[in-house]
Structure formats: C-alpha cells, structure tokens
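Protein sequences appear in the order of chains R and F.
Here our numbering is used: the first residue of the first sequence is 1, the next is one more, and so on.
Here our numbering is used: the first residue of the second sequence is 610, the next is one more, and so on.
Ideal Cβ placement from N, Cα and C applies to all residues, glycine included.
One structure is given below, encoded as structure tokens.
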Amino acid sequence: MRPTDTSDPQYYHKVVDCQWGCPAHTDVPGYIRLIAQAKFTDAYMLNRQSNVFPGILGRVCDRPCEPACRRGRLEADGEEEPVAICRLKRVAADNRDEVRHLLKQPDKSGPGRGKKIACVGAGPASLTVANDLLPLGYDITIFEALNVGGGLMRSNIPSFRLPVEVINDEIGMIVERGVTLKCNHPINSMKSLLEDEGFDAVFVGTGAPKGKNLSIPGREEARANIHIGIEWLESVAFDHIEKIGKNVLIIGVGNTAMDCCRTSLRLGADNVKVMARKPRAFFKASAWELDDAEEENVEIIINRSPKAFVLEDGKLVGMTFEEMEYDVDAEGNITDTRVAGDVTYPCDDVILAIGQDNAFPWIERDLGIEFDKWEVPVVDKVSYESTRPGLFFGGDAAFGPLNIIWAVEHGHQAGISIHKYCQGESVSERMPKGMTLESAKMGIHEWSYSNDYDDADRLLVPHVGLKDRFKKLNIEVELGFTAEQAAEEVERCLNCDIQTVFTEKLCIECDACIDVCPVDCLTITTNGDEADLRGRLSAPAINPEEDLLVSDSLPQTGRVMVKDEDLCVHCGLCAERCPTAAWDMQKFTLEKPHAVNEAGAPFQKQEVA
Amino acid sequence: MSFMKKPTVRHPGLPRNDLGLTVRDYEGGMSTLCAGCGHDAITGAIVQAAHELSIPPHGFAKLSGIGCSSKTPAYFLGASHGFNSCHGRMPSVATGANAANRDLHYIGVSGDGDSLSIGFGQFAHAMRRNVNMLYLVENNGVYGLTKGQFSASADIGSTAKKGEENLQPPIDPCQAALTLGASFVARSFSGDKEQLVPLLKAGLQHRGFGMIDIISPCVTFNDHEGSTKSYSYSRQHFHKAISADFVPPSETIKAQYSEGASMPIELHDGSKIILRKVDGAYDPTDKAAAAIYLRERQSAGEITTGLLYINEAQQEMHDLAGSSDTPMNQIPYERLNPGSDMLKKIQSRMR
Ligand SMILES: Cc1cc2nc3c(=O)[nH]c(=O)nc-3n(C[C@H](O)[C@H](O)[C@H](O)COP(=O)(O)OP(=O)(O)OC[C@H]3O[C@@H](n4cnc5c(N)ncnc54)[C@H](O)[C@@H]3O)c2cc1C
Ligand SMILES: Cc1ncc(C[n+]2csc(CCOP(=O)(O)OP(=O)(O)O)c2C)c(N)n1
Ligand code: SF4
Ligand code: SF4
Ligand code: SF4
Ligand code: SF4
Ligand SMILES: [Mg+2]
C-alpha cells in the first residue's frame, strides 16, 4: 500500500468513530473530557456548536454515534457496550450555567445586513438555519403553521421523553436573538412567498407531515376509533385528546409506534399491544425505545399483518390479522413468506404508526421547482438547493423522514449555501474540512488526557418508578445521570480523538510498541496490497470498515509499520514504550465549517485538557 | 517504564490455542525496562512461542540471575513457576529444579554479564550436564543494569557511549556452548521475531540443553554509532546461515520444502524442525564444522544466526544419572524417604 495520507483531515476524523457517525460531527470526546472536569457549561457550548440543541438531543437523539462507538467493539471480561454518549450530553445540559451571554449576537454590520431570509416551518432544520445566519446579520423570518415553534419535537415527541421547558429554553436561545417567528402562519402558496414578499432566499423546513393510512376493510366505518399516529400525538401534545379506550392496538413497530403505545398507557389504556408484521430483527424502532416500552409492559406481537377492522353495531371491537410465517436465510434475509391463518384481537382503539410521507400541496408546480416521481422536490445532496436557485430544502422535507440531528446538519449546510447565495458566491464551492493536531505529551509518561483504560461497565440511567411515572402525562421518565454517575461513565470513553501519529524516520524497529499494544493493532511487516496486509496483521483484521494506517518504508529494514485503526484504545502505551518518540499521541480537532466560518470567522480553539 | 498496567481489554478476534487460551494468557507483569530495550522484544517472542506450543502456563518454570535481562521473567508467563537467583547462579538452581521435577519446561533467562562473567562456571557445567532446559543469553555487550560497563561479549574495537574502546576479546556464547556440550545451539536477534519464535519453540521442545544467544540491543547504553550490538549494526551484519521452521506433531510438512535444500529433524515429542539452508554447505549436525564456520564468518565481520547445531540423540542429565522418570513431587513419601531402617541397611553395605 502507499503510505497513508494523514494530512487529509478525513483520515483522523474517521478514527473518531462517534464523531464520524454523528451527522453533525459533534466533538464527543472533547465534551466528555470537559464533563470529566465538571466544566458543564463549556461541554454544553462545545456540543451546541455542532448540534445546536444539546438539552433536547441529550434526551431524544437517535444517537447514531453509539452503535459507532469503538468501545462497543471491544472485549474485556465480556463484550463491551458503547459509551453512554447521549446521556452524557444531557449531563452537560442539566448542569450548565446560563449560556445566553455566550451566544454570538447578530452583527448588524455583518455580511447579511439588508438580506431577508424566509424559513418555512419552525422545526429543528429551520431553527438551525436561523441560528447559523443570525450572527452574520441576516434578517430572518420563520413562518410556522402551528401556534408554537419546535416542529415534531414539540408536537410529536411526548413530554414524558422531552419536557416542554427544555424545548422552550433551547428554541428561545435562537429566537430571542432577533428572529421573527410568525406562528399560526401557514404558507399556503410558495408562489406568493417567492414572488410577493421580497425575500433574498427561502428555506423549506416543513418536515414530512403526512402519516400513512391503511386502506383495509372497515377503515371508513370505524374511523372514529382509528387514529393516524402523528396526528394523534399532536392532538395529545396540544391537549385536544385526553383519553383513549382500555384496549389499544398499535400498528407498526417504529419509533412513532413506541411513542403511541406509551402515550396510550398514560391516557387510560391498560392493555396495549404493538402489532408487528415481521420478526424482531426487522423492527425499525431503536433498541432503547423498545426496551422502554417493554419496561412499561407493552406487549409486542410479531408476524401479524393487518387484514380487516371488525365492527359490531357500527363500533370498532377488534382487528383481524394474517398470521405470517417467514423463511430467513443465514444472512438474515427473508427468502419466503406464507400466511398460516387469521387471528382477531379485540380492541377499542387502533393507532396507525406505519410511516410518514412528504406532502407539498402548497407548492405550485410551475415555479421551476422540479419534483421527482414520488412528488418529492429534487434537492442537491451537498448544497440542499432545489432546482430553483435561492430556494433550499432541509430536514425531513428534503429527503423524507430522518431525525433531529440530521435536520440540524441539513440546517448547517443550507445555512452555508444561503450565505453564499446571498453573497453571490457559488453554493457548490464550499470550504473544505480542516484539522489541527497538537501533541498530548506533558512529561515522561504523562499525557493531557486520562489514557489508562477503565474497565467499568456502562451505567444505566435511573428511571422514575413504574407507578409514579403514569400519574401525569408529562412526568419525564429518565432521570439523567447524577454527577457521580457521570464522573464514572466519562472514564469509559477512550479519547479516540487523541491520535496515534507515526514518524517513520525515527523508528528503530525495536518492536516495543508491537508487544505492548493491548489490542494487538500494530504490525511491522513487508509491504503488500491492502488485502494481503490485512491477512498478515498481528491480530486478525475483523472490521474492513476501519482503515489501515501504513507508513513509508522504515529506515533499517525497509519494512512498513501498519496500524489497524479498528480497536485502538488510545492508551498511549505505544508512545510510552517507544524509545525514539516515533509514535506520539496528538489531539486531533476537526475544523468543520459553518456559515460563520465561510464568512471568515476563525475556528474556535478546543483546549486539549 | 510505564506507570500503568497493560489494560486487560483485548482484541476479540485473537486466535486461541489448543487449550483455548489467547496470547494474552501467557503475558506477565508490565515491563519496567527502558522503552525500546531488546529484552522486551524477547519477552514478547517467548509469550508468542509458549502460546503457539499450547503448553499450559503452569507447565513452565522460569529462572534467572541478576541483570536487566534477568528481570524479564517477571514480564512473561505470569501464571508459571519461577525463581530469581543471585547473580550468575541460575544454572545451578535450574539444574536442581530439573532434577526434582523433570516434567516442567524450564526457561532460563540470563545476560551476557550474568552468564559470561560471574556465572561462567555455572553456565559451563549446566551445558556439560546437558540439563533439559532452554537457556537464553540476552546479549547486549554491556552490563545494562549497572549502567553500561563492557561485558565479556563486547567485541574488540566496539566503543562505549562516551567513546572508550573495548580491547579484550569477546567470549562467543555459541562457541562456548559447542565446546562445552550443549545439544542445541542457536543465535538470533531480538529484532527478528520471524526467526526467533520458531527457534524458541524448537529449543523448548528439544530434549537437552538448548542455548540461544540472542543479540538484544541496550537502547540506553549500547545503541550508538560505534557499538557492535546496536539495532542498526546487528541488522547490517546479520547473516542467516540456516532457517529453522518449527512444525508441531499435529501438522504435516508442507510441500514447499524442496528436497536437498531442506532437512527435517524430528524432535522427541514428534514435532519437527525443518532446516532450510541459506548457505548450501552448512550442516548443523556437524559440531566441528559448525565451530569452524562460526569462526570464519566472525572474522569476516558477520553475525551468524540460525540453528547452528543440534543433536537430538545426546543424553540429557536424567539419562546420564539414571534418575527416576517420575517427578519427586509425585513419588510417595515412603519411597522418597524409606526411613531409618533402610538408612542403616545402606550404611552397613558401605562399611
Ligand atoms: C412520533 C415521533 C417521534 C420522534 N422521535 C424522535 C426522536 O426521539 N429523536 C429524533 O431524533 N427524532 C425523532 N423523530 C423525528 C424528528 O422529530 C424529525 O425528524 C424532525 O423533527 C424533523 O425536523 P424538521 O425541521 O425537518 O421538521 P419538523 O420537525 O417536522 O417541523 C416542521 C414544521 O413545519 C411546520 N409546517 C409544515 N408545513 C408548513 C407550512 N406549509 N407552513 C408553515 N409551517 C409548516 C410544521 O407545523 C412543523 O412545525 C420523531 C418523529 C415522530 C413522528
Ligand atoms: C554478586 C553480584 N555482583 C555484582 C552485581 C552487580 N551487577 C548487577 S547486574 C550486573 C551485570 C548484569 O549484566 P547482564 O547479565 O549482561 O545483564 P543486562 O543488564 O545487560 O541485561 C552486575 C555486575 C550483583 N548484583 N551481584
Ligand atoms: S470511546 Fe469515546 S471517543 Fe471513542 S468512539 Fe466511543 S465515545 Fe467516541
Ligand atoms: S494507543 Fe497504541 S498501544 Fe494503545 S491501543 Fe492504540 S496502538 Fe495500541
Ligand atoms: S517502539 Fe518506536 S522505535 Fe520501536 S518499533 Fe515501535 S515505533 Fe519503532
Ligand atoms: S539499561 Fe539497557 S539493558 Fe537495561 S533495560 Fe535499559 S536498555 Fe535494557
Ligand atoms: Mg548485558
């Protein structure tokens, strides 16, 4: 292999699995170290820089960082679990001081002065656009159909998972700095917004607002007791619905279904069943959402495909399902499907939670905005621009339903595009990512981070007891880590951003690093192509997703140093045992541009310790 | 040295040997030697060899004298038996231990100072008795532990860190071993595990005294320009006379070995060493030729490495002494100590 180009920021960026996995590339190990030092406000601000809503996301983020976390791939006494990244984010939010004075205030003489931006919908995507463009002096108006901002975070995510005060606080941090938020103001015509109101650019963050229906016999007749999940949750959130029948069936097994079943329990149901068409391995809901629902005694029934609603005297009394059987191959794919028979479950209400669609009835089709065959606008994956210049889409409105952290990232990218568009620059020529590297060495075998491996198990977050939590709809179930628990959990983080940096000309091939590495990720060997090298490493390469770091030829024998990045625990022992400092541990900081950086602002310096 | 322990976390894909153990189960404590010391790499090679042989860790006894090298048994095979003797006295302790329990695998770790100066007499007699053990001379040309004085293996003209030249001729542990009766003589280099690990395995499975002289650079006192035991000097003057591959009894010999150029030698336990001659004329079963060859290559400035001599037929200490096949700890007390009546009988026979 050719020597690895570590001057490309993507190389070391990818080593930080959590940050790489986070759509907004939050500096996870950075904020975890700050929490370890009880610098909660700094930890919050570091989070906010990337993900804008740390208090919200510290509770309900989809957390793609956690399955990506390196810790989860290791083995000590048994299999390891990922660091509780999301829960630690909440610790920063719960324990921080006031931060409003730390936020960037609008620069009235900034590059955005005199430019008017419209955002449609007040969900996380639009709010992020506003957050990023405000400091540059843009005049921002958000139009929201409902009487309050927040999007699905407010209308659909139940308050027992996400308290209203947290939403108010974090939206307030954006709106209070001078955004015009026009509630009860649905946009009914894109044409008039674009042509009559004099905006320099428009961002659409209206989400995917249409819940999927289920057209089977009895649907029309029983409609009084059949609810579309996201509409029903919205009605509950705004107090239009306050109770539900005793026996409730939830159709579908995604995250919306989990919120519907748990909400039902709080509105008077005592027998709630979630009906899944396929076996457990095919469930869409996140593992922790399933756990939380099952903890509340929700029954999940697999292999049931909806067939008909059953009515008696014009009233819903049950629902019939086909009993499904599946053949599954070794890779877990379904190879054959059979119907074994029918089964009917009695019920008083049914909630449909089988997915969401985009819907843009308010966008006229003669404005130069191209739609694809699914009636979704064509949006550029980098700039988020539609086929009409100056019109941008983001969040669930752009590529269908995703989650909050993706909506935030779309907002950041659209923010950059809107800024460039308004400045007359090309939206496709964007500032590349950068990085800084700084040695973490403080003395002989002394590092600026806690390098020793802590073999503690992942801590569980305490929950409100199974009786008390149902007393009111808005009792937050998760209590969050205490400061003591957080202090334990932070030590589980491996500090993957403290990179192993190799200087081949210093290496004398003494093998010390090879022998000391606890996870056997280093090898000195003759060079070869990647597949060949992967077959000759000290320990088998079991994860082809992770890169090999390959050095140039070593001075004494011409062999190469190869590091399999997969399982490095960043303990620094290779650097401690190296007589010549050919290995060094260096703190990597990703410089990911946001709109302010495109406008010339320097990147904020992150301290090592 | 590092202040933290090597974490217990491990690679989930580590191969397991016949006993279900990973290489991590053969490690010892964290080394306190200087970072980059050749001795640590030898420790790593021993761990690897012991794991690959699937010998249970408690089937080993590790013994040493005094020196940086002699400290290393603390860093491998944490679950084995061990004895750290006084300076140069490890061979007699090993001889005694082996006499009492012939079932263990003995690894003696010594240095050039420990073996070639203060312990030379002991070293010689253990070889003369052909004690069944693997004896490693971790050879760095200096007394590392006492801050780098020349040892008896330092070459003429090799310079110390501050420039003084060594004027006395070196003792070559391999020549000594050939002369004094060791039945397995090899040389290797701490920086070449590919060569060293098979030699360690062969030496452990050989019955009799296996002596391996391992060039093991002292990074702190003898890795400078002018030293003949530095990493770079060793690499430049390294000459592989013969390569030895170790094949366990369960494996058949792969076809890649062409007849003539390779030579299988069967060990007592059924495992084999396949010798691949790099130098066509070399015959590692011919002791006299080996001694001459070593001397010639040495005058040509080369460090000859590989399995230099092997004699599987030579009797070891227990054969010579006709001692019991059973380790003493398994012989019933009444037989070990037949009592005062028997003592009287024996004494009467001697009157
Ligand atoms: C039940 C449920 C639970 C969820 N749980 C989670 C979770 O735990 N974690 C997570 O990360 N994600 C979750 N999601 C997904 C997440 O809420 C969304 O992906 C995210 O809110 C999308 O943000 P957005 O800014 O694109 O739009 P939205 O949040 O959908 O906001 C769009 C806003 O636009 C307004 N609007 C729509 N049309 C118009 C118009 N024409 N004029 C004016 N305003 C308009 C809407 O009223 C709404 O306020 C959940 C979704 C649902 C349905
Ligand atoms: C009886 C006795 N004499 C002298 C010493 C001092 N001493 C300690 S280690 C050593 C030499 C060790 O040299 P070597 O065996 O080459 O080991 P190295 O440290 O080089 O690995 C000496 C002379 C001692 N400990 N005991
Ligand atoms: S161990 Fe820490 S730095 Fe590494 S991936 Fe997990 S959370 Fe991120
Ligand atoms: S920091 Fe070095 S020694 Fe530690 S796991 Fe990574 S490569 Fe191995
Ligand atoms: S410890 Fe340092 S000098 Fe020794 S092999 Fe590793 S990188 Fe090279
Ligand atoms: S002094 Fe030399 S022999 Fe001793 S530990 Fe240090 S490098 Fe090794
Ligand atoms: Mg020495």
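Could you compute how far the alpha carbon of K115 of chain R sits from the alpha carbon of H410 of chain R? So the two alpha carbons sit approximately 21 Å from each other.
Quick one: is R469 of chain R buried, meaning 16 or more other Cβ sit within 10 Å of its Cβ, or exposed? Around the beta-carbon of R469 of chain R, 16 or more other beta-carbon atoms lie within 10 Å, marking it buried.
Residues sharing a beta bridge with P377 of chain R, DSSP: Answer is R:F371, bridged to P377 of chain R.
Does the beta-carbon of R688 of chain F, which I'm using as the reference point, lie nearer than 7 Å to any heavy atom of ligand 5? Before going on, a small fix: residue 688 of chain F reads as Ala here, not Arg. Relative to the non-hydrogen atoms of ligand 5, the Cβ of A688 of chain F never comes closer than 7 Å to any of them.
Tell me whether I216 of chain R sits in a helix, a strand or coil according to DSSP, three-state version. I216 of chain R: coil per DSSP, three-state reduction.
Measuring only from the beta carbon, is E509 of chain R closer than 7 Å to any heavy atom that is part of ligand 5? At least one heavy atom of ligand 5 sits closer than 7 Å to the Cβ of E509 of chain R.
Residues in its own chain within less than 7 Å of G434 of chain R by CB, not counting five upstream and five downstream? Within its own chain, the residues whose Cβ lies closer than 7 Å to the Cβ of G434 of chain R, once the five positions on either side in sequence are excluded, are P9 and E591, listed in chain order.
Let's test the definition: count the other Cβ atoms within 10 Å of the Cβ of M937 of chain F and tell me whether it reaches 16, buried, or not, exposed. By the 10 Å Cβ count, M937 of chain F comes out exposed.
Going by C-alpha to C-alpha distance, which of R:V16, R:D5, R:Q105 and R:S7 sits closest to C496 of chain R? Here the closest residue by C-alpha is R:V16.
Quickly, what does DSSP pair R885 of chain F with across the bridge? List them, please. Answer is F:S852 and F:S871.
Range of the contiguous alpha helix (DSSP H) that encloses P346 of chain R: First-last for P346 of chain R: I334 to P346, but that is the beta strand (DSSP E), not the alpha helix (DSSP H).
Around the C-beta of M324 of chain R, are 16 or more other C-beta atoms found within 10 angstroms, so that it is buried, or is it exposed? M324 of chain R sits buried, since 16 or more C-beta atoms from the chains shown fall within 10 Å of its C-beta.
Can you confirm whether G970 of chain F, when its beta carbon is compared against all beta carbons of chain R, has any partner nearer than 8 Å? Only positions 610 to 960 of chain F appear in this structure, which leaves residue 970 of chain F out of reach.
Could you tell me if the beta carbon of C571 of chain R falls within a distance shorter than 7 Å of some heavy atom in ligand 3? For ligand 3, not one heavy atom lies less than 7 Å from the Cβ of C571 of chain R.
Out of curiosity, what's the CA-to-CA distance linking A541 of chain R and N451 of chain R? Straight-line measurement puts the Cα of N451 of chain R at about 24 Å from the Cα of A541 of chain R.
What in chain R is Cβ-close to S611 of chain F, meaning under 7 Å? H445, L573, E576 and R577, listed in chain order.
For the region 888 to 922 of chain F, which residues have a CB atom closer than 7 Å to at least one CB atom of chain R, in sequence order? So the list is empty, because no residue satisfies the distance condition.
Report yes if the C-beta distance between C183 of chain R and N213 of chain R is below 8 Å; otherwise report no. No, these two residues do not count as a Cβ contact at 8 Å.
Check this for me: beta carbons of A222 of chain R and L316 of chain R, under 8 Å apart or not? Taking 8 Å as the Cβ cut-off, A222 of chain R and L316 of chain R qualify as a contacting pair.
Interfacial residues, the region 73 to 104 of chain R to chain F, with Cβ spacing under 7 Å: Answer set for the region 73 to 104 of chain R: L74, E75 and A76.
Nearest-residue set for ligand 6, Cβ under 5 Å from any heavy atom: Those residues, listed in chain order, are F:L642, F:C643, F:C646, F:C677, F:G753, F:C827, F:V828 and F:T829.
For K373 of chain R, is the classification buried or exposed, using 16 other Cβ atoms within 10 angstroms of its Cβ as the cut-off for buried? The residue in question, K373 of chain R, is exposed, as its Cβ has fewer than 16 Cβ neighbours within 10 Å.
Should V477 of chain R be flagged as near chain F, meaning a C-beta pair shorter than 8 Å? For V477 of chain R, the answer is no, since every Cβ of chain F falls outside 8 Å of its Cβ.
Name, in chain order, the residues that DSSP records as bridge partners for M742 of chain F. Paired residues: F:F818.
Do you know whose CA, among R:Y12, R:F399, R:A456 and R:E220, lies nearest V350 of chain R's CA? Nearest in C-alpha terms to V350 of chain R, of all of R:Y12, R:F399, R:A456 and R:E220, is R:E220.
DSSP beta-bridge partners for W232 of chain R? Note: W232 of chain R sits in no beta bridge, so no partner.
What does a CB cutoff of less than 7 Å around H560 of chain F pick up in its chain, not counting 5 residues either side in sequence? This structure leaves residue 560 of chain F out entirely; chain F is present only between 610 and 960.
In chain F, which residues lie with their C-beta within 9 Å of the C-beta of D455 of chain R? Near D455 of chain R (Cβ distances below 9 Å), the residues of chain F are P616, T617 and V618.
As assigned by DSSP and simplified to three states, the class of T829 of chain F: Three-state result, T829 of chain F: coil.
According to DSSP, what are the bridge partners of P593 of chain R? DSSP links P593 of chain R through a beta bridge to no other residue.
Closer than 9 Å, Cβ to any Cβ of chain F: which residues of the region 485 to 512 of chain R, in chain order? Only those residues of the region 485 to 512 of chain R whose C-beta falls short of 9 Å from the nearest C-beta of chain F are listed: I508, E509, C510, D511 and A512.
On the CB-based measure, 16 or more other CB atoms within 10 Å of its CB, does Q604 of chain R come out buried or exposed? With fewer than 16 other Cβ atoms within 10 Å, it is exposed.
Using three-state DSSP, classify R48 of chain R as helix, strand or coil. Helix.
Drop a sphere of 10 angstroms on the beta-carbon of C783 of chain F, count the other beta-carbons inside from all chains shown, and report buried for 16 or more, exposed for fewer. Around the beta carbon of C783 of chain F, 16 or more other beta carbons lie within 10 angstroms, which makes this residue buried.
Is the CB of E868 of chain F under 8 Å away from at least one CB in chain R? Legend: pLDDT at E868 of chain F = 48, less than 50; position of this residue unreliable, value from coordinates given subsequently. For E868 of chain F, not one C-beta of chain R is nearer than 8 Å to its own C-beta.
Would you verify that the beta carbon of D139 of chain R is, or is not, closer than 8 Å to some beta carbon of chain F? Closer than 8 Å: no.
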